[in-house]
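For reference, each letter of the sequence shown is one residue, going -20 to -1, 1 to 480 in mature numbering (1 follows the signal peptide of the UniProt record, and there is no 0).
Heads up, the thing below is written out as structure tokens.
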Amino acid sequence: MNYFMSFILCLCLTWTIIQAFYSISRSKVTSKKLPPGPKAFPIIGNLLELVGHKPQKSMAKLANTHGPLMTLMLGQKTTIVISSADLAKEVLQQHDQFFCNRTIPESVVAGNEHEFSLPWLPVSAKWRNLRRICKSHLFANQILDANQNLRRKKVQELLADIHNSSLNGDAVDIGKAAFKTSLNLLSNTIFSVDLADPNSATGRELSKLVHSILEVGSRPNLADYFPVLKKVDPQGIRRQMTIYFGKMIDLFSSIISQRLLQRKTLGSIKNNDMLDTLLRISEESTGEIDKTQIARLFVDLFLAGNDTTSATLEWAMAELLYNPEVLSKAKAELKQIIGKGNAMVESDIDRLPYLQAIVKETFRLHPPVPLLLPRKAGAHVEIQGFSVPKGAQVLVNIWAIGRDASIWEIPNSFEPGRFMGSEIDVKGRNFELIPFGAGRRMCPGLPLALRMLHLMLGSLIHTFDWKVEGGFKPKDIYFEEKFGLTLQKAKPLRAIPIMV
Ligand code: HEM
């Protein structure tokens, strides 16, 4: 009996503490007038509502009930979710100065990545310097024009591989081909090396590292939601990432050392790639960038640039194969502008408005970064009469904005024609379509990404006809998404190429 009584007493006490904790946290919440949101449980908050693999969808569903400005408690983190173009504009443009820094996930605290890395550095002299180098020296149009031959060669190799498959009647795994080609396009633009070459040990190692970092980095990390767990690193994510980041930096450092040696022994050979440019900057001026920072910057470029580009290409091909009338219109445009049998080049892109519309429509329906990396409120900000407290994290759900029926007619349908004659672009000016983000933290790689995407997609459909392996499957199943650091197709697209 005694035992029973003390058990009951213990239960009551625990319940009272939980209730007290809950009401304190709620009262804090209500007195500050946070935006509305679903009821939060003590300690775990709303995490249960997001269980599953598609947080962008769960959040969009919740926003239908609670509105486009919504509060969620993700564990201990007050999170404000934005799900409309107008509010995205308010946060990313009007109040950009307060939301221009990101919350740092535990996975990048590994190896102190956050103290060197462009996506995680706060807006500061160091960050501005790296952004300026990207804008003026790496992604400027005249630079990309000058090194487009590096990419053209890689696309020709992709087409030759696919030609071989077409001769044997073999299906091509479009996602894998896209990943390999994007990696090679990037690695050739960056340091004139084929990193996706299966015969190169360095290439194999890098592909493995990129995959591992993206895989481990996309696992939900309890330490991000419950800061008390930071030290414990319960899933070992920080430990694994430290190893992967370290290996990647070593790999890039050795490529840089080899180039430096080559320059010393053979004189300054012009590779015309990003590494040449960065070494020239580091030699000409002191303090702008050194060898270690170059290696760190390359880590950022590979991690941010590869999966995003290849996932978009796979989605675009999937949509084209499921919408044959769109595909034949695109092919007709390519045939008219480029001519049968001629290879597409980057300077053709401007003359291919329908191909551009297809890429925009793919971004609208399948943004590879569906939730913008969370921004951290640098001050208390009032938005539409509600309070966003200092330190809260702000998530912009661009996936939800792409499905907003008040902006888009028949939002779930793939209709590139909606962009023909429209002024809407993806450069952060039109908040209904912001796959590259907006404001000062917007993606610096956009000019290269758009070139790579249009070139690969245009070349694949101009050179081949395509047939889905095994015939059409129901679109709902076939188009299922897999959430990670980028939004991938859950089921790979396999298609048989037929030489035109
Ligand atoms: C389809 C391709 C791509 C998409 C959709 C994409 C999208 C994004 C998005 C949404 C952001 C965050 C923007 C924000 O918070 O407002 C971002 C940041 C970034 N992206 Fe991209 N990206 C792509 C390709 C690339 C490429 C090719 C590179 C470089 C080679 C790159 C490098 C970066 C970097 C370094 C950042 C961090 C910038 C900063 O925080 O200052 N991205 N990207």
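From the three backbone atoms N, C-alpha and C, an ideal C-beta is built for every residue, glycine too.
Distance between beta carbons of residue j and residue i, contact taken as under 8 Å
{"i": "residue 72", "j": "residue 323", "result": "Incorrect: roughly 38 Å between the Cβ atoms, too far for contact."}
{"i": "residue 103", "j": "residue 420", "result": "7 Å"}
{"i": "residue 378", "j": "residue 352", "result": "6 Å"}
{"i": "residue 385", "j": "residue 294", "result": "About 26 Å separates the two Cβ atoms, so there is no contact after all."}
{"i": "residue 34", "j": "residue 461", "result": "6 Å"}
{"i": "residue 357", "j": "residue 79", "result": "6 Å"}
{"i": "residue 429", "j": "residue 288", "result": "7 Å"}
{"i": "residue 17", "j": "residue 39", "result": "So it is not a contact: roughly 10 Å between Cβ atoms."}
{"i": "residue 394", "j": "residue 299", "result": "5 Å"}
{"i": "residue 96", "j": "residue 331", "result": "So it is not a contact: roughly 41 Å between Cβ atoms."}
{"i": "residue 197", "j": "residue 465", "result": "5 Å"}
From the options, residue whose alpha carbon lies closest to that of residue i
{"i": "residue 326", "options": "37, 124, 284, 66", "result": "124"}
{"i": "residue 231", "options": "181, 264, 256, 221", "result": "181"}
{"i": "residue 207", "options": "55, 146, 390", "result": "55"}
{"i": "residue 233", "options": "200, 251, 171, 321", "result": "171"}
{"i": "residue 53", "options": "374, 307, 351", "result": "374"}
{"i": "residue 401", "options": "340, 115, 435, 414", "result": "340"}
{"i": "residue 456", "options": "98, 471, 251", "result": "471"}
{"i": "residue 85", "options": "262, 25, 201, 394", "result": "201"}
{"i": "residue 188", "options": "252, 283, 379, 267", "result": "283"}
{"i": "residue 269", "options": "134, 159, 110, 166", "result": "110"}
{"i": "residue 138", "options": "147, 218, 161, 464", "result": "161"}
{"i": "residue 467", "options": "27, 348, 99", "result": "348"}
{"i": "residue 70", "options": "83, 177, 408", "result": "408"}
{"i": "residue 174", "options": "135, 149, 197", "result": "135"}
{"i": "residue 146", "options": "444, 459, 463", "result": "444"}
{"i": "residue 120", "options": "465, 350, 257, 43", "result": "257"}
{"i": "residue 101", "options": "355, 271, 403, 31", "result": "355"}
{"i": "residue 91", "options": "191, 224, 317", "result": "224"}
{"i": "residue 338", "options": "44, 308, 213", "result": "308"}
{"i": "residue 183", "options": "411, 228, 320", "result": "228"}
Same chain, Cβ closer than 8 Å to residue i, five either side skipped, listed in chain order
{"i": "residue 474", "result": "151, 152, 153, 154, 448, 449, 450"}
{"i": "residue 335", "result": "310, 313, 314, 329, 434, 437, 438"}
{"i": "residue 365", "result": "13"}
{"i": "residue -15", "result": "Annotation note: pLDDT 41 at residue -15 (below 50); position unreliable, no value reported."}
{"i": "residue 392", "result": "345, 383"}
{"i": "residue 253", "result": "127, 130, 168, 169, 170, 171, 172"}
{"i": "residue 133", "result": "168"}
{"i": "residue 261", "result": "113, 117, 268, 269"}
Sequence-distant residues of its chain with Cβ nearer than 6 Å to residue i (five each side left out)
{"i": "residue 48", "result": "63, 64, 67"}
{"i": "residue 9", "result": "Caution applies to residue 9, whose pLDDT of 46 falls short of 50 and renders its modelled position unreliable; the model cannot decide the point."}
{"i": "residue 360", "result": "369, 370"}
{"i": "residue 425", "result": "285"}
{"i": "residue 58", "result": "372"}
{"i": "residue 98", "result": "110, 280"}
{"i": "residue 235", "result": "171"}
Cβ-based burial, residue i [other Cβ within 10 Å; buried from 16]
{"i": "residue 220", "result": "buried"}
{"i": "residue 286", "result": "buried"}
{"i": "residue 312", "result": "exposed"}
{"i": "residue 1", "result": "Only weak support is given to the placement of residue 1: the predicted model assigns it a pLDDT of 47, under 50, and the question is left unresolved by the model."}
{"i": "residue 479", "result": "exposed"}
{"i": "residue 3", "result": "In this prediction, residue 3 scores a pLDDT of 42, lower than 50, which makes its location untrustworthy; no coordinate-derived value is stated."}
{"i": "residue 164", "result": "buried"}
{"i": "residue 290", "result": "buried"}
{"i": "residue 390", "result": "exposed"}
{"i": "residue 7", "result": "Bear in mind that a pLDDT of 42 at residue 7, under 50, signals an unreliable position, so the number given afterwards is only what the model happens to contain. Exposed, since its Cβ has fewer than 16 Cβ neighbours within 10 Å."}
{"i": "residue -20", "result": "Residue confidence is low: residue -20 scores 37 on pLDDT, short of 50, so the model does not pin down where it sits. Its coordinate-derived value is still stated next. Classification of residue -20: exposed, given that the 10 Å Cβ count is below 16."}
{"i": "residue 280", "result": "buried"}
{"i": "residue 442", "result": "buried"}
{"i": "residue 367", "result": "buried"}
{"i": "residue 469", "result": "buried"}
{"i": "residue 238", "result": "exposed"}
{"i": "residue 452", "result": "exposed"}
{"i": "residue 431", "result": "buried"}
{"i": "residue 82", "result": "buried"}
{"i": "residue 176", "result": "buried"}
Beta-bridge partners of residue i, as assigned by DSSP
{"i": "residue 368", "result": "361"}
{"i": "residue 25", "result": "21, 54"}
{"i": "residue 483", "result": "This structure gives no information on residue 483, because the portion of the chain shown stretches from -20 to 480."}
{"i": "residue 59", "result": "52, 373"}
{"i": "residue 81", "result": "356"}
{"i": "residue 153", "result": "474"}
{"i": "residue 351", "result": "377"}
{"i": "residue 462", "result": "468"}
Chain-order list of residues whose beta-carbon lies under 7 Å from that of residue i (same chain, five-residue window excluded)
{"i": "residue 204", "result": "85, 86"}
{"i": "residue 199", "result": "215, 217"}
{"i": "residue 20", "result": "26, 53"}
Near ligand 3: residue i beta-carbon under 8 Å from a heavy atom
{"i": "residue 96", "result": "In terms of ligand content, the structure shown lacks ligand 3 and carries ligand 1 instead."}
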